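> Numbering (the numbering used here), first residue to last: 401 to 658. No residue lacks a Cβ here, since even glycine has one placed at the ideal position from N, Cα and C. A quick note: this is a predicted structure, and the numbers were derived from the prediction, not measured.
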Ligand SMILES: [Zn+2]
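1. Check the DSSP bridge columns for residue 575 and list the partner residues they point to.
2. Are the CB atoms of residue 554 and residue 530 nearer to each other than 7 Å?
3. Can you tell me whether residue 441 sits near ligand 1, meaning its C-beta is under 6 Å from at least one heavy atom of the ligand?
4. Closest to residue 587 by CA distance: which of 560, 411, 568, 606 is it?
5. Is the beta carbon of residue 541 closer than 7 Å to that of residue 520?
6. Measure the C-alpha to C-alpha separation of residue 404 and residue 600 and round it to an integer number of angstroms.
7. Output yes or no for whether 7 Å exceeds the beta carbon distance between residue 629 and residue 613.
8. Should residue 480 and residue 462 be called a contact, given that it needs their Cβ atoms to be closer than 7 Å?
9. In or out: residue 658 buried (at least 16 other Cβ within 10 Å) or exposed?
10. Please determine whether the Cβ atom of residue 533 lies at a distance below 6 Å from any heavy atom of ligand 1.
11. Hey, how far is the Cα of residue 652 from the Cα of residue 526?
12. For residue 648, I'd like the list of residues in its chain whose CB is within less than 6 Å of its CB, leaving aside the five on either flank, ordered along the chain.
13. Quick check: the Cα distance between residue 545 and residue 467, rounded to an integer number of angstroms?
Pasting the structure below:
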């Protein structure tokens, strides 16, 4: 059986309320030895941390998602700063930029993105980066940070950009994480990118409950299904799922210091 770490899940989601324990058992049975559950605002960040305190399989990330920055209250950022100190919190985010949903002005998203980058650096924890139809802006902000403060420890989550963007991110020190999208028939260009990422920078994730991999498309996603993404990555890299599992697990443990 492979060992796997799901580096991006939203396990606080109400869709997991009825079967959270069974879902975690299924994850363990699939070889999953760790899951990072990710907050998108203060409330969900708190929920993720309390899950991480409750279940040894789980760790948490805390932050304000770009699409939730407009709803953030005045004190929300200082709460995230506080929560980020907790030892079960292994990353800051998710943060980044999103031009697709248009839920918050880009300037506000960018302001929060920069705050998350600074906080991650201050805490010595990786940043989890969301990027949707905003790759050139994300790279611009990252480059600013890189030029001021040096290599950036973090993850480009559910990577869907091209090879050039991947190269920029790799050069600044970032890891590249692939979700179930890697298994989609139409995602040949993403598989192409996955072929050239150095093995020591590869990660896998579900982004559950969203983005179920084949053969579960259309169903609720859950951490056990990260095995399908691992299998796809193994096929692409001409390795066994055990090898890809070990490599991505070692990477995640090094990055999150778990
Ligand atoms: Zn997410």
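Taking the coordinates as given:
1. As a first step, residue 575 must be located in the chain shown, where it is residue number 175. Residue 575 pairs with 555.
2. Translated into the one-based positions of the chain shown, residue 554 becomes position 154. Translated into the one-based positions of the chain shown, residue 530 becomes position 130. Taking 7 Å as the Cβ cut-off, residue 554 and residue 530 do not qualify as a contacting pair.
3. Here residue 441 is taken as the residue at index 41 of the chain shown, counted from 1. Not under cutoff, so the answer is no.
4. Taking the first residue of the chain shown as 1, we reach residue 587 at position 187. With distances taken between Cα atoms, residue 587 lies closest to 560.
5. Reading the chain shown from its first residue, position 120 is the one you call residue 520. Reading the chain shown from its first residue, position 141 is the one you call residue 541. No; because the gap between Cβ atoms is not below 7 Å, this pair is not in contact.
6. Within the chain shown, numbered from 1, the residue matching residue 404 stands at position 4. Within the chain shown, numbered from 1, the residue matching residue 600 stands at position 200. Their Cα atoms are separated by approximately 15 Å.
7. By 1-based counting over the chain shown, the position of residue 629 is 229. By 1-based counting over the chain shown, the position of residue 613 is 213. Yes; because the gap between Cβ atoms is below 7 Å, this pair is in contact.
8. Within the chain shown, residue 480 is the residue found at index 80, counting from 1. Within the chain shown, residue 462 is the residue found at index 62, counting from 1. Yes, these two residues count as a Cβ contact at 7 Å.
9. Residue 658 sits at position 258 when you count from the first residue of the chain shown. Exposed: under 16 other Cβ atoms inside 10 Å.
10. By one-based count along the chain shown, residue 533 stands at place 133. Flag unset: Cβ of residue 533 not near ligand 1.
11. Counting from one through the chain shown, the residue named residue 652 turns up at place 252. Counting from one through the chain shown, the residue named residue 526 turns up at place 126. Between residue 652 and residue 526, the C-alpha separation is close to 10 Å.
12. If you number the chain shown from 1, residue 648 lands on position 248. Within the same chain, residue 648 has close Cβ partners 602, 603, 604.
13. The count along the chain shown starts at 1 and reaches residue 545 at position 145. The count along the chain shown starts at 1 and reaches residue 467 at position 67. Rounded to the nearest angstrom, the two C-alpha atoms are 22 Å apart.
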